[in-house]
Amino acid sequence: LDASFENTLLVRERNLLERNRALPLSPVLQRIAVISSEGAAGFQDFREHLTQNVFGYRFDCRLFSSAVQGKNAETELVEALAQVALLGAHFDCAVIVRGGGARLDLAAFDALDLCSAVALMPLPVLTGIGHDVDETVLDLVAHAALKTPTAVADYLLQHNLFFENEILRLAEQLRTTGDQHLNT
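Sequential numbering of the sequence shown, starting at 20, is according to this note's numbering.
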């Protein structure tokens, strides 16, 4: 068995697949713990997409720098998650982003210790790792797995847009109800 398949079986056996997904999302996601490599193109794309959004939403993103490939990636990713967990009350969610690459470059995201750390995080973790065709074991245990770092940014924007639209709908409903009561 390859490590990816074996670790998928282990996370399922340990009931880790749904743990993070069961955490509630805040109605507005603005305070984001970002785990990535500072120089990674995926991180740059994610940050740029959020800062240049057409809605004017502002995000407070704090980078927890980590290798996202190579022999140190798994250890550094787990350490970054531990730092985020300690500061969990300061964030609405965590995101792990990395652009595409060769399948071998994504091997750290199949590691059992990393997947366990994400599953047991005290806040929702969103992933945007690789390209459209890539799926890692980490994606399976995350709250939401998006295909790319930019897709994670879009997810955050759409989540907040849904909240804003709901507030506008409730305000209109309140105005209409108030008008009806005043006119009776």
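Beta carbons are placed, not taken as given, at the ideal position from N, Cα and C, and that holds for glycine.
Query: Cβ separation of H178 and L44, assumed to be a contact under 8 angstroms, to the nearest whole Å; Result: 7 angstroms
Query: Beta-carbon proximity of A164 to R117, cut-off 8 angstroms; Result: no
Query: Simplified DSSP state of V137, which is helix, strand or coil; Result: helix
Query: Contact between the region 60 to 79 and the region 88 to 100 (3+ Cβ pairs under 8 angstroms); Result: no
Query: Contacting residues, own chain, Cβ-Cβ under 8 angstroms from L29 (five flanking each side not counted); Result: L131
Query: Secondary structure of D79, DSSP reduced to three states; Result: strand
Query: Alpha-carbon to alpha-carbon, D173 and A126; Result: 25 angstroms
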